[in-house]
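Please read the structure below before turning to the comments.
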Amino acid sequence: MLCQKGRFVADSGNPNDNQSTAGENGEVTASYDASAIQVLEGLDAVRKRPGMYIGSTGERGLHHLVYEVVDNSVDEALAGHADTIDVTILADGGVRVIDNGRGIPVGIVPSEGKPAVEVVLTVLHAGGKFGGGGYAVSGGLHGVGVSVVNALSTKVSVEVKTDGHRWTQDYKLGVPTAPLAKNEETDEHGTSVTFWADGDIFETTEYSFETLSRRFQEMAFLNKGLTLSLTDERESAKATVGADDPDADTAEPSARTVKYYYEGGIVDFVKYLNSRKGELIHPTVIDVEAEDKERMLSVEIAMQWNSQYTEGVYSFANTIHTHEGGTHEEGFRAALTGLVNRYARDKKLLREKDDNLAGEDIREGLTAIISVKLGEPQFEGQTKTKLGNTEAKTFVQKVVHEHLNDWFDRNPVEAADIVRKSIQAATARVAARKARDLTRRKGLLES
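Okay, so the sequence shown: first residue is 2 according to my numbering, each after it adds one.
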């Protein structure tokens, strides 16, 4: 059976352990080495039909190449083996991604007779994310792997520090130019991938610093404790650095760099989003975390109400922004609406004759981040950014109900303020509807 990227699999966490070992509760855990690399299919059609693999050959597809490589590094962070990712747009238009993870394995893959790093770079859907390999959960939407980046680039250079040495290999149009080279000894570990997108395939090979930096900031928010930097060494970028500073030394132009690190993760995300939204209804961000190890499902939620009249609920699955929502968001909304209504009636803030508050009333002024991580995410919708896993709805709904109910009980003043704001929103909504109805009736009478 073909496995989609993002499947939970066991991980021993020891890159030098080539054997399966018994973990807690006696379950079998697998190592991340050459034997963990499972090959599913080749790269033959990638250059002929690139849109099938990266969505488009325009600017969006170009940036997806970067995300695909960075996703591999984020997978190492999710597995607890990396905490730093550095991305550089080179002066000649190439992109380099460096992480301090374990390094792509260099041992021979039995089924291929080639080093694992070469298989990962030359065979589609080959990697520790598939079958019984080395990751518990994996990010990324398409999950085609760095092999597609290799196929759609004129040149790729990979450097791996693992097993006590530095290893290097170059590729041209997806084909290795020489065997994997074993270089000097080193105690360091990590992977560096540098690629140059093929201008004959892509409509443009000009990367947007703003597009990349926005995505990387989002990824840093979603991966607590991860440091993610972006540097632009292109001459056009250097010209803009210090352009608005009359005291800047323009004799030695420097590269443009941003660095993102958020110790608070999505709690910091909510604070960042609410920093421009005026008065807060309650001072602290409500923070919820839960994990179901048996179903290999986890959720993080951060939420805070402000005095504004718009809703800002953003959901993610395996770090992918689910623009179209999905089951995790449905579970959140259902739990929130039910809980606030019940609390409002229990505390006599809503009278018996009053209608229940609508979900939109309760979410007015709410900023919330919902981030789930699950083994086999099922993406639906026109742009494949809607989560379809039914287990996510029931899990999130249960977690939100339990944790938010506890928070309301421990913070009765803030809870009452949230309910009162929701009641005001409902009153305004009903009044607006009545005004619209009256205007329509008057229009009919006058016509």
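Glycine residues also receive a C-beta, built at the ideal position from the N, C-alpha and C atoms.
Pair within 8 Å by beta-carbon distance, residue i and residue j
{"i": "A303", "j": "V341", "result": "no"}
{"i": "D199", "j": "T155", "result": "yes"}
{"i": "L358", "j": "I424", "result": "yes"}
{"i": "T391", "j": "T232", "result": "no"}
{"i": "D93", "j": "T192", "result": "no"}
{"i": "T395", "j": "G332", "result": "yes"}
{"i": "A427", "j": "D347", "result": "no"}
{"i": "E330", "j": "I371", "result": "yes"}
{"i": "V147", "j": "V70", "result": "yes"}
{"i": "V161", "j": "V118", "result": "yes"}
{"i": "K239", "j": "G266", "result": "no"}
{"i": "Y208", "j": "V98", "result": "no"}
{"i": "K422", "j": "G366", "result": "yes"}
{"i": "E185", "j": "L91", "result": "no"}
Alpha-carbon to alpha-carbon, residue j and residue i
{"i": "T187", "j": "V314", "result": "46 Å"}
{"i": "D438", "j": "T368", "result": "31 Å"}
{"i": "V397", "j": "V121", "result": "35 Å"}
{"i": "D72", "j": "E60", "result": "18 Å"}
{"i": "V150", "j": "E77", "result": "18 Å"}
{"i": "V40", "j": "T328", "result": "At V40 the pLDDT is 49, less than 50, meaning the model places this residue with poor confidence; the figure from the coordinates comes in the next sentence. Their Cα atoms are separated by approximately 31 Å."}
{"i": "V110", "j": "Q218", "result": "36 Å"}
{"i": "E189", "j": "T163", "result": "7 Å"}
{"i": "T22", "j": "D34", "result": "Residue placement at T22 cannot be trusted, given a pLDDT of 42 that sits under 50; the coordinates are not used to answer."}
{"i": "R376", "j": "A80", "result": "The sequence as given places Gly at residue 376; Arg does not occur at that position. Roughly 13 Å separates the two Cα atoms."}
{"i": "A179", "j": "K173", "result": "10 Å"}
{"i": "A429", "j": "D356", "result": "14 Å"}
{"i": "V431", "j": "T258", "result": "50 Å"}
{"i": "A256", "j": "T206", "result": "19 Å"}
{"i": "T440", "j": "R364", "result": "27 Å"}
{"i": "P378", "j": "W408", "result": "30 Å"}
{"i": "V1", "j": "E113", "result": "Absent from the structure is residue 1, since the part of the chain shown begins at 2 and ends at 448."}
{"i": "F317", "j": "G444", "result": "45 Å"}
{"i": "Y344", "j": "R334", "result": "15 Å"}
{"i": "F210", "j": "T85", "result": "19 Å"}
{"i": "T285", "j": "G339", "result": "22 Å"}
{"i": "D410", "j": "D293", "result": "24 Å"}
{"i": "K183", "j": "D87", "result": "24 Å"}
{"i": "I105", "j": "L274", "result": "36 Å"}
{"i": "H143", "j": "I55", "result": "Reliability fails at H143, whose pLDDT of 45 lies under 50, so the model's placement of it is uncertain and the value that follows must be treated cautiously. The straight-line gap from Cα to Cα measures roughly 7 Å."}
{"i": "T386", "j": "T320", "result": "11 Å"}
{"i": "R216", "j": "K435", "result": "43 Å"}
{"i": "E312", "j": "I419", "result": "14 Å"}
{"i": "Q170", "j": "M220", "result": "29 Å"}
{"i": "S158", "j": "T123", "result": "13 Å"}
{"i": "E353", "j": "L405", "result": "23 Å"}
{"i": "L3", "j": "F380", "result": "Any answer about L3 is weak, because its pLDDT of 36 lies below 50 and its placement is not dependable; what the coordinates show is given next. Roughly 16 Å between the two C-alpha positions."}
{"i": "L388", "j": "E301", "result": "16 Å"}
Nearest-angstrom Cβ-Cβ length linking residue i and residue j, presumed shorter than 8 Å
{"i": "L213", "j": "H324", "result": "About 18 Å; that fails the 8 Å criterion."}
{"i": "T58", "j": "F196", "result": "Not really, about 15 Å apart at Cβ, beyond 8 Å."}
{"i": "L351", "j": "A417", "result": "No, L351 and A417 are not in contact; Cβ-Cβ is about 12 Å, not under 8 Å."}
{"i": "L153", "j": "W168", "result": "In fact, because the Cβ distance is near 23 Å, the residues do not count as touching under 8 Å."}
{"i": "L125", "j": "V75", "result": "About 20 Å separates the two Cβ atoms, so there is no contact after all."}
{"i": "Y261", "j": "D269", "result": "The pair is not a contact, with the Cβ atoms about 10 Å apart (cut-off 8 Å)."}
{"i": "V373", "j": "S299", "result": "7 Å"}
{"i": "G102", "j": "H82", "result": "5 Å"}
Minimum Cβ-Cβ distance from residue i to chain C less than 8 Å
{"i": "G165", "result": "Here chain C cannot be found, since the structure has a single protein chain."}
(message) At 3 residues or longer, what runs of the beta strand (DSSP E) sit wholly inside the stretch 153-181?
(response) 154-163 and 166-173
(request) Jot down the residue ranges of each uninterrupted beta strand (DSSP E) in the stretch 64-123, minimum 3 residues, whole runs only, in chain order. (result) 85-90 and 96-100
(message) If contact is defined by three or more beta carbon pairs under 8 Å, each pair taking one atom from either stretch, is the stretch 397-407 in contact with the stretch 283-293?
(response) yes
(request) Pair every Cβ in the stretch 295-311 with every Cβ in the stretch 278-287, then say whether three or more of these pairs are closer than 8 Å. (result) yes
(request) Go through the stretch 258-333 residue by residue and report every complete run of the alpha helix (DSSP H) that reaches 4 residues or more, in order. (result) 267-275
(request) Just list the beta strand (DSSP E) runs in the stretch 188-247, keeping only unbroken ones of 3 residues or longer that don't cross its boundaries, in chain order. (result) 191-198 and 228-233
(request) Starting from the N-terminal side, write out each stretch of the beta strand (DSSP E) that is 3 residues or longer and does not extend beyond the stretch 337-375. (result) 367-375
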